[in-house]
Every structure is written in C-alpha cells, then in structure tokens.
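Right, one structure below, let's go through it.
4 protein chains.
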Amino acid sequence: MGNSLGKLFTVTSFGESHGRCIGVVIDGCPAGLPLTEADIQIELDKRKPGTGVASTRRVEEDKVEILSGVFKRRTTGAPLCLLIWNKDTDSSAYERIKNLLRPGHADCTAAMKYGGFNDYRGGGQFSGRITAGFVMAGTVARMLLGIIGVEILAHTVEIGGIKTKSAGLPALRKADDNPLKCADPAATARMLKAIEQARLEGDSLGGIIEGMALNVPVGLGEPVFDTLEGDLAKALFAIPAVKGVEFGAGFSAAKMKGSENNDTFIIKKGKIQTIGNNAGGILGGISNGMPVVVRVAVKPTPSIGKTQNTVNIKTMESAELDIRGRHDACIVPRAVPVVTAMMAIVLCDFALRAQLIPEVLK
Amino acid sequence: MGNSLGKLFTVTSFGESHGRCIGVVIDGCPAGLPLTEADIQIELDKRKPGTGVASTRRVEEDKVEILSGVFKRRTTGAPLCLLIWNKDTDSSAYERIKNLLRPGHADCTAAMKYGGFNDYRGGGQFSGRITAGFVMAGTVARMLLGIIGVEILAHTVEIGGIKTKSAGLPALRKADDNPLKCADPAATARMLKAIEQARLEGDSLGGIIEGMALNVPVGLGEPVFDTLEGDLAKALFAIPAVKGVEFGAGFSAAKMKGSENNDTFIIKKGKIQTIGNNAGGILGGISNGMPVVVRVAVKPTPSIGKTQNTVNIKTMESAELDIRGRHDACIVPRAVPVVTAMMAIVLCDFALRAQLIPEVLK
Amino acid sequence: MGNSLGKLFTVTSFGESHGRCIGVVIDGCPAGLPLTEADIQIELDKRKPGTGVASTRRVEEDKVEILSGVFKRRTTGAPLCLLIWNKDTDSSAYERIKNLLRPGHADCTAAMKYGGFNDYRGGGQFSGRITAGFVMAGTVARMLLGIIGVEILAHTVEIGGIKTKSAGLPALRKADDNPLKCADPAATARMLKAIEQARLEGDSLGGIIEGMALNVPVGLGEPVFDTLEGDLAKALFAIPAVKGVEFGAGFSAAKMKGSENNDTFIIKKGKIQTIGNNAGGILGGISNGMPVVVRVAVKPTPSIGKTQNTVNIKTMESAELDIRGRHDACIVPRAVPVVTAMMAIVLCDFALRAQLIPEVLK
Amino acid sequence: MGNSLGKLFTVTSFGESHGRCIGVVIDGCPAGLPLTEADIQIELDKRKPGTGVASTRRVEEDKVEILSGVFKRRTTGAPLCLLIWNKDTDSSAYERIKNLLRPGHADCTAAMKYGGFNDYRGGGQFSGRITAGFVMAGTVARMLLGIIGVEILAHTVEIGGIKTKSAGLPALRKADDNPLKCADPAATARMLKAIEQARLEGDSLGGIIEGMALNVPVGLGEPVFDTLEGDLAKALFAIPAVKGVEFGAGFSAAKMKGSENNDTFIIKKGKIQTIGNNAGGILGGISNGMPVVVRVAVKPTPSIGKTQNTVNIKTMESAELDIRGRHDACIVPRAVPVVTAMMAIVLCDFALRAQLIPEVLK
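Protein chains in written order, with this note's numbering: chain S, 1 to 362; chain Z, 1 to 362; chain P, 1 to 362; chain W, 1 to 362.
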C-alpha cells in the first residue's frame, strides 16, 4: 500500500528496476486531452542518463507505451496506463551483493519490512528508476495545467556546495538544455569539475533543486491538512534521495523578523500581489497567485565506488561492500524533471479539486 | 475538504478561532485504550500561552471534553470526538480590520478561495488555535505509540538566529519545562532577550524546532508515495507558519559527499544499526530503527505591532494596517507540542498500517 | 475506522445512543450556502418518534447545534460540525441485559470485534439513533442539490407484506405528512393495523422504502468502481436494518427478457430520455437523466417484547432474554427520511465530483 | 476517477474492451504469497466464454501476465500489475453503430459524461470484459483469504425465472463444473433450453447469482459507513448488469416479523452461532461467523439480436438499431466467478483492516 498519490488526479505506481517494466495508472484525467506517446517521450528523455560525467551507464531505450485511456489520440476519461519496458537489466551484480546492505540505501529497511521477499535487484521499487513513472504521470499533469496557463520550471541551484547565481526567467527556461539542468553556466563548469573529481575518487555529490510554478491561480490547496506546501512536500519526498523541502524563504525565514519576512500586499495590474515572495507563493496553505517556489535537498547518491563497511544481513556479521554496477556520481540533474513532475501532479490535483480544470476538455 | 489526516488513524479537524469551539474526530483508535480528559489536558496545557514574554494575552481555559468514543474510561473502537469551547473571543478587533489583508496571513487567500464567506475573525480555521485540536489528537496517538515503546520529543533549537548547543537525551526530556521548550539554558536566556527586544519593536521572531522519535520500530512508512518523510512533512506543514522540513542531515546533506553522508551499518546489541544518523532514521521512506529526526522551520509570526502597508480587499486600494489584538512575539515555543503531536499522529497511523498496534488493546 | 463517507462531500459520524451526543462533521461543503439550525431541524424532526403506534417512547428534544463552519448564516468552506445532545438516556435497562445478546442486533459482533470495550448502552454507535447524524448531513446535501434542481423523495411502499399502490408525484410529495410516510392512504390504514397487532403480540414488522431522485443531471457516477448504484447501496446499507437494495426493476429484471427490460431511447423535449425506467435512472453506473429509483428492504426491528432464547456472552451459557426498554414496533417510517438523507449525501458527492455544484456559491 | 476499490487491499482497474489490454494494479498485497500466472489463469478461464449456448463467440486467449510485484514466485510487497492483452478485437461492428445508442447499455451515459471522447468500441471500459481484471485481483484476494481458511463459493440460482432447488455444500463446490455454474442439474437443463429459446428469438435472459463465504472470522466490517454489506454491495454493483443486492433473507425479511427474522443465538462447539441465517452472516455491518450469503440480480444482457428502436446521438433523431457483433444470450454464468472475485476483494480488504492477515507471510 501507499503507491497512489492524489485525490482527484490519482497516480498509482508499479514496477521495479530490474523487473519487467515501470508503469503508472492515472485515474481522474479529464476526457478530451490530446495525448500521444511522443508528448510523454519528450519529458521522459529528460531524465535519461546523459553522456556526460554525471550519468549512469545503464542504457535504456525507455520508450513509453500508452496501454489504455486514449482513443483517437485523446484521453477518454478512463484510466491511463503508461509504461516502459525494462530491457537492459543485468542483475548479476546484485546477486553478488544481495546480502550486503548498501549504506544509505533502502536495502535494509526493505528487507526487514517485507520479510526478505522484496525484489533487491537494483533496489526494486526503491530504485530511482521508479521516477520514470512519476515523469510520465507528471507530463500528463503538466499538459492539463497548461490549459489554465500554469508553467512549471525546475533547475539545479547547488551541487557539491557550489551554488548558482540567481537567474531570470529566460535563463531558467533554458536550463533543460544545460547538462546539469542549471541556469548558471559558470557554476555549471565548476559543478562538472566537482562531479568528475568525485567520480574519480569513487564518491558522489548531492545538491539542491529549485522548482517554480508560474501563473498559478489563487486558491490551490485545501487546508487545514491538505495544504499546498504539505502535499507538494509529500510528493517531493517520494523522490529517492530527497531529505529536505522548503518553500519561499524556507529555513532562512526562521532567522528573519516578521517585518522582514512579511510580503507586503500591493495592487498591481488590478490584482493583489506581494512585494517579495518570502511566502513562496503560499499563504495559509493556499496559493496566493505569486510564483510557487520550492527548494529540494538531494543527498549524494549512496552508491559509491569506494569500499564501504557494512553488514551482511544473512550472517549478521560485518562485511566489506564493493559496489560495481552502473551508478551516477551525481543524481541531481536527473532528478530535476522529477521535481517538475511531482509539482505538476500535485498542482493538477488541486486545480481539479478547485474545479479550475473541467472534467471534459473541449 | 482537506480536513482529514491519516489512513487508519484518521484525524478530522473542525472549528474556528472565534467560533464556538475547536475540535477533532479521531476515527480508527483501537478499542481498550485507557483515556480520560486529564490525559489530554496535560498535553493541551503545554501549548497554552505562558505568562512569559513569548506569549499572547488571550486567556483561554481550554478544558478538553470527550464527547464520544470512551466508555468506562476506555476507548470503545468508535470515533472519538474531542473538543474545547471558545470562551474569550472578543472579535471586535477583527471587525475593524476585516478588509485589510494582514501580510503573511491567510486573509487574502482565504477570502479569495472561499468567496469572502470565510470566518475572518482571528483567522478562522487558519488560526494557530486550530492546532489545539492537533494536540488533542496527537496525545491519543502518543499514548498508543507508548504501548510499543515509542517516545517522541521536540524542542526549540533556534530562535531569531540564536542556535542551541546540542543536548543529550536527559536535557531534551526536560525541555518541556523550559519557557521556550529549549534544552539549552544559555541559549534560552539570549532567546528570551531577543524576543523581548522584538516585542518592544513591535516585531516578531521565527525559529527552528527539532522533533525526535525514539525506539521507532523498523518498517514504518509505505513507499513509494506514502513515505515516512513525506507523510511527516505533510502533517508538519499543516502547522501554520511552517515553511521548511528536513530529516537527518537535511539540507546540509546536499553539501556532503556520499562517503560522508552514508551512515555505516553495524551490528549492535544483535541489531542492525548505523554509525551516525544523517538519514534521520529513515531509508527508502521507511524507518530504520534509528531515531527519527526532523527539523521544522517556523517563520516569524506575521501579526506584528508595527504599522504595515497593505491592501483593502473591498476597495482594492492600498491601506495602512495597524494590528492591535493579542499576539505572540514568537510562536515557536507554542508550536513545539504541536510538532510532537503531528509526529505522533503520523507514526501512529503507520504503526497501525504495519499492524504493530493491535486493533483491540487488552 | 470506517466512519467517513464520501470523497468530496465527506461525512464523518460520531456519537453513541446513550453517550453525550450524536454528531457529524461535514468536510467539503461549498462556501456560501445559507444555513441555519432551523433548516436542519425540520428534517431532523421527520425521523423523530411520532405519537402513533409505530413509534418508540424515548422522548428526545434533538435540537441540532451548528458548532462550526457557519458564519453570518452562511457556510464558510470550513468543516461543519452538527450535533444533538443526548438527554433522555436511562441506561439501566441495558445494564440488566448487557451480557445477553439480543438476537438480530449488533451486540454480539460489536462485543467480539471491540473486545468487549464497546458502549453497549442502547447499542452505542450501532443504534438507529446514529442516523440522526445522517439526516443532519443529508439535509445540507439536499440543500446543495436543490441549487441544481435535484429533488429527493422517499416513501414507504410495503410494511408487513402490505404493499402500496403506485402513486403519482403529488401524492409522493405529500408522503412526509403521512404517519407511515406512505403515499397510499388505504394501505396506510391496513399497515397501521398490522403494526398495532404486531405490537400487541410483542413483535415487530419490516418493510420496503422507495427512494426517488428527480431532475438528476446526466453523468453522476464514476465507474468502474464508484458506480452510482454502488455508492448509493453502500450508503443505504449504513442504515441499521437494511438488508437489500435494488435499482429500477431490480430483482424482477432477473426474470425479464432483454427486449422487455431494455428501456427504449427516445427524444423528448430535445433531450434523450427512455420509455420506461427499468434501469432506475442509471446505465453503466452513471445517471441517465431519468429518475433515480431505489428500493430498500428493512428487516423487522430486532428488539421485540416477546421472550427470546439467546446466549449470555459472559457465561457462554444459554439464557432467556426479555427486552423491556423503549422500542419501535416498526422502524420503517422513521427510516424514510434517512433513506432520503443517504441518497442526498451520495448524489451531492457525485455532483461535486462532476463539478456540477461550484465550490463557492454566490 | 472512481477506478480504485479497497482501503488496504486496493485494486485499480484499467483497460478497455477493444483497446490494448485489460489490467489491474493491486496495492497492499502482503509480501511472501506464492503466486504464479498459472494460479490466476485457472480462475480467469472460468469467466471465459464456453462453447455452450450461453456464450459469446469472441475468442480470446486471455493469458494473464504478471508485470510487477512478484519475485522468485512470491509477492514482494510492491504493487502487482496483472494484465491480459486484447487480441481478437474486430471493432468494425461498433464503427457502424457508434452513434446509435444501444438500449440498456452505457453508450448514452458514457458519451454524455465524457463529451463523446469515450472509447465506444465494445463499450470501452463499460464492457463486461473489464471484469477479467476483477477476477485477476479476486484470485489474489482468495489466495490470501485461503490462508485464514475463508472459502468463497458462488453459483447460479435463477435464470429466466427458473429457480434452482437449494443444494448442499458438496453440490455448491461442484457448481464450477456446471455449464451454467449451477448446482441443480434439473434446473440447469431447463435453463439451457430457455437460453437457447431466447437466443433463437434474438433475445436474452437475466438471473440471480448467490455468493457465499464460509469460515469468515467474526469482526469483518467497519461500521458505521464501511459495513460489510455496504462494501460488498458497492463492489458487486461494479459488475455490469447487476441491479440488486440482498443479504441473507434480504427482501423477504421485509415481510417477516421480528420473531421470525431474528436468528437465535446458541452455543455450538464452544462458539456463539445462530440457528438460521436470515442475517446472511452479518449483524450491525460486521461478520458474525455464520456464512456470509449474498444474492445478486443480473439483468438480461442488453445486447440482443432483435431490431430495437433507439436514438442517433449525432443527429438526435430516432433510429433503428440492429446489433450484430458477438454477444451472450445469458451473461449470468460468466458473472459467477466475478461475484466470487468481488466478494474476495472486499473480504480480503476487511481481513487486512482487522489485522487478520499479516503484512508479511512466512
């Protein structure tokens, strides 16, 4: 249980890293949305490993298939099943280390929770690969949000302690083309070096991703419990390796005074807006019309080349672990489209709850 | 909608700051738990305004009443309704400023979302007072978790930029007695001064609260979407003023290398444990048996004494706002028992989902 | 758990027959609905015991109180808590027989499910009295449905094997004034006699209630699982004593041929309608614009005056049971407004899901 | 939305009659259940069209594939995706009549609800074929229930007005082998004739199916809303063509007196049982340990050979409809394994809610 997300736009995830496929079912997609496999493929390709230093060497075609819910190139109102088949799944590396708990991974908790029946190959459903399904679902959500003008952007703002300079919208919109999904070319160069250095050391780096939703209508969020912050955070923590989420000024708000942190209301173009956006576009758990801004802390990939001390869960003795396999020295860039996807899923769900997207699109 | 939290231990919130009452219904509490109003009152009193500098001057008795679900001093398995009556509700201050949007508050978003029908007095359901209900529900959850040995602590670790030194368990357990719910007496003294200074300036301070759950069984959390981090974060963001949530090393993990951030597995007392706890007790979205550690950023109270520029939502013109009323210069200490409560609600829900708390207690 | 109903219009029930109160929380009621306690009281009074032969002798004032969610006589968008206090609760009769399982009642299953911790006085939450909460919630739902023109009627069509003749709409609309909520005066007379006879024998009668929703928009129901029939049936089975539910031709459809049972489509007043309504207004689990017609089988009240053989759950020996207390010889008429209420709750939920009722009413 | 069923054992349905596949995702299946495709195939084959008179002529291999959630022939705790591919999908017949509303079908409601974007070929997701997914999920549920000894049987008790004689358990257990899933050979012969006669007339027959669950533990069901009757009924109404559901004495209880309908409690083999089972094994919405007995009214298949008057939804004019295609003269026998499946899904969900099936099977 726990594999469904969303109340009206409901995404159910299934599949494993080294099983037959990765897929999602989307229940609640309005009827009439033009949708082809190509629409989804574009987004899916963004989270593919690149050829650069940051990427894993697993080569997957990852061609999405729409199994249901689309007829004559339009959604029908029935559930969508979207799926990619696993092909390049050499699991031999995992057989060798299957009893050695990889530090920082879900091996230990999964084995204990599921009585050892979990699919340990590549981490099973705990693999980052599961996020391919999130991206597929997120693409549909983004298309729905596009109807009401919402735009979602995400980009890398920190890797290995190297921070980017703040960038304007045009630069942010081009971040997708950057090898690190970063809007700051100078920082990118330094980040790439740091990643290469980490790789050479058999180590890995983490970072911070910023997500931003523009043109969000006022009124998304359903307090007191289904706040916009809360549901976004829940969705973002489903991305493996995320350990922190903050909105607007976030943790730095804790250091401000009220007079500094309060965003002053003004009238601009006949609308109520704020000067500054310490609130990250959310007041009282509800979108206020300003950009929704979230930052997500991604821990360094736990799979590293260095030999690590660990425990053999079978013998319950200490052991040395030497992971080979194919791994990212820095997962951050590949997580960027996943952040976008999770934001889209949550915002789409709230837009449906607020009746801002119709059940049938004309 | 959006006023229920939890899948098996389900808390539904109702009530407003200046309405008749604040209450919760708990559905899914196992039968047989000894429960009296006194059990809940103890916790509820912790979030009461103190007499110190940090507190509001609203004087509420806040006597909890159990309206249903308890018979012969034991829970029956039927829903619990817990409630406090509002008594000291002078709403005149709010009538005066009802069209002036208080910066940093939900006035604007609530008015726009609910078409102006929302109860604006004291912020209605957006008031911090709603968290009294969270604490009532959290107390029941904590009692249930107590059965399986889980202990939950929370304490202030930062106010106005002043950080505490790390403290041992004995000090943390005593933090409840500290006026700022802080385990570091030296820091407390400086924080109190800073709060007093802010109050004199008609300003307010934010801070950071750390929550900790000890003796958490392995296996709480239901990935891929209902992760322990995700559901905790969602619950914590329901606390008004929370703008960030991080687990274990959190945002600082983003700066570490994998070899630094990975917690090494070891065998200790026949159990698998880790050296260090950068994971905050959670791997793969599932508790790993180490303490669950979360930090929560609380923004400075938006209600400040200083005159602020804002907008009159009726005339759609700019206006000056001069809040009088009764307000906290620093809400952080009062939010500490609420952090505990939200952690308890989520952990209890997951413990029931993992069948670790029986449906009938003997 | 299991005490909430509805996805967007969510009703959570609490309270017990001989506890402090009976109440509901409604989450998801749109903002702006004019609502006073008097609106609800009218409906609530319909399920009150009458002075006639069919009724119990428990005398309850049952004055509804709105505890939250209404401000300036309009709903606010926040959860509504509606409640009646129990006053006339003499539980001594239940103490005497608390270990004697009343045949046909929930005593046995409740005691075993909840480990004996259940509130056995008056059946606790298994009492028919819990349906007062259903009626309160149903009234709000009916008011919302009224906005889109939906009208819901229910009436007694059979008691003790005595069937009514079919009646036209004007008669059905007056059934509320009939002591048995029956639209056929001749049948009513015979039913009253039968009920009086049963009472004299220390026995009870069951019957059948027909519910009808008129002017239902096309498109309510969310197959494949949340069908209109399915969700209506689920809600109706929550009424204690209901043992069967059928739509349109129902069980008699099983005896027809397809050519007889199929309702022919025609164009009438520019709309697609059907000749006949064997489908009960529902095709494919979705309303088709014809009247939604449901029939509900109500078993005879299990509490009877006759001495019954049973089991003492404490001694696990056979025993004789002699129920005194206050009981209905026929519960059917009092269940009629509850049928209306449950239909309203479900239809309102589906109307919100289909975005036919706005989130904010102007 | 509306395509998921169950709280802890959650079945999500997808697929269409003439799309690529029919599938389900099961979230919440405990880890460690031995499961192969062959286990599911056996049940799936039971709902296949036979070669007899009652059956359609569509020939589908319907080979189930397990796409996820099973590793080393055991369930892993991760979601199961089960699927059959559609192969024999000649949709030309549907193109011809796509604007002609088939009486008794979902064509009209689906077209209007989904704005004409629905997949009309073979009824899309409204096809009886969707129940293949229900059977796949039901098989897993039955295997889980088997662990705690629950046995589920279903059989035909009426077709075309021809009723069966009541049969003992041995006969009921063999009903699967009967061409009409009927335990009464004499009635079967007459039913077969009636079906053949209906087919010759270009007509169809309905009937009644009885489902029975044996050895059900006491305590399944979560009142007040999630009653065992209510959730079973909801699940059963998801089977296309079901128009009525009753438990135990059902509608005939409405004609009884309380003294007749009440099942007397007795002690038998040290357990509390009842003489008679008018309650159908359910009191207060909770299983009482007696067999759970439900009867389901199935309307005659709406697709008939006879020419029917109807409406052309495009031209909004009256029209004649002449369905050719491949259709069952009586769907009842094929619905029998679906009744079993729906009962299993609901009982399994409640058994998990009552913690009677562990999260990990050893």
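Ideal Cβ positions, reconstructed from N, Cα and C, are used throughout, including at glycine.
One finds F71, T76, A78 in chain W with Cβ atoms closer than 8 Å to the Cβ of G124(S), taken in chain order.
Annotated as proximal: G207(P) and V332(P), with beta-carbon spacing under 8 Å.
Sorting T109(S), G115(S), Q273(S) by C-alpha distance to the C-alpha of M112(Z) places Q273(S) at the top. Fewer than three beta-carbon pairs drawn from the segment 14–25 of chain P and the segment 90–98 of chain Z are found closer than 8 Å, and the two stretches are therefore not classed as touching. The C-beta separation of A183(W) from A167(W) comes to about 4 Å, placing the pair in contact by the 8 Å criterion.
A341(S) is positioned such that its CB atom lies no closer than 8 Å to that of L220(S). Residues of the segment 114–143 of chain W that bring their beta carbon within less than 7 Å of a beta carbon in chain S comprise Y114, G115, F117, N118, D119, G124, Q125, in sequence order.
DSSP assignment within the segment 173–221 of chain S yields the following whole beta strand (DSSP E) runs of 3 residues or more, N-terminal first: 207–214.
Closest in C-alpha terms to L67(S), from the list G23(S), T264(S), G281(S), L214(S), comes G23(S).
At least 8 Å separates the CB of C182(W) from every CB of chain P. Taken through DSSP and simplified to helix, strand or coil, V336(Z) comes out as helix. Residues of the segment 13–24 of chain S with a Cβ closer than 8 Å to any Cβ of chain W, in chain order: S13, F14, G15, E16, G19, R20, C21, G23. Annotation for R96(P): no beta strand (DSSP E) segment contains it, though the alpha helix (DSSP H) segment containing it runs 92–96. For the pair G276(P) and A175(P), the Cα-to-Cα distance works out to about 23 Å.
Taking all protein chains shown into account, L232(Z) has 16 or more neighbouring C-beta atoms within 10 Å of its C-beta and is therefore buried. Beyond the five residues adjoining it in sequence on each side, E37(Z) comes within less than 8 Å, by CB distance, of K63, V64, E65, I66 in the same chain, given in chain order. Between A297(S) and G250(Z), the C-beta spacing is below 8 Å.
In chain order, P34, L35, T36 place their CB closer than 8 Å to the CB of R73(S), counting only its own chain and leaving out the 5 sequence neighbours on each side. DSSP links R20(Z) through a beta bridge to no other residue. In the structure shown, K113(W) falls within a helical segment according to DSSP collapsed to helix, strand and coil. Taking 9 Å as the upper bound on Cβ-Cβ separation, chain S lies near residues E246, F247, G248, A249, G250, F251, S252, A253, A254, K255, M256, K257, G258, S259, E260, N261, N262, D263 of the segment 246–263 of chain Z. Neighbours of D27(P) in chain Z, taken as residues whose beta carbon is under 7 Å from its own, are M1, N3, S4, T12 in chain order. By the rule that beta-carbons nearer than 8 Å mark a contact, C81(S) touches chain W. Membership of Q355(W) in any alpha helix (DSSP H) is not indicated, and neither H nor E is assigned to it by DSSP. With 16 or more other Cβ atoms from the protein chains shown falling within 10 Å of its own Cβ, I282(S) counts as buried.
In this structure, L101(P) lies near C108(P), with their beta-carbon atoms less than 8 Å apart. The beta carbon of P302(Z) sits closer than 7 Å to those of R102, P103, G104, H105, all from its chain and outside the five residues before and after it, given in chain order.
K87(W) and C21(W) have their alpha carbons spaced roughly 8 Å apart.
Within 10 angstroms of the beta-carbon of I40(S) lie 16 or more other beta-carbons, which makes it buried.
The segment 238–278 of chain Z is shown to contain whole alpha helix (DSSP H) runs of 4 or more residues at 258–261, in chain order.
A Cβ-Cβ separation of about 10 Å leaves F117(P) out of contact with G69(Z) under the 8 Å criterion. Just so you know, the alpha carbons of I357(W) and M212(Z) end up roughly 31 Å apart.
Annotation for G133(Z): the continuous alpha helix (DSSP H) segment containing it runs 131–147. In terms of beta-carbon proximity, G32(S) lines the interface with chain W, with at least one pair separated by less than 8 Å. For N309(P), the beta-bridge partners assigned by DSSP are E320(P). About 20 Å separates the Cβ atoms of I148(S) and V339(S), ruling out a contact at the 8 Å cut-off.
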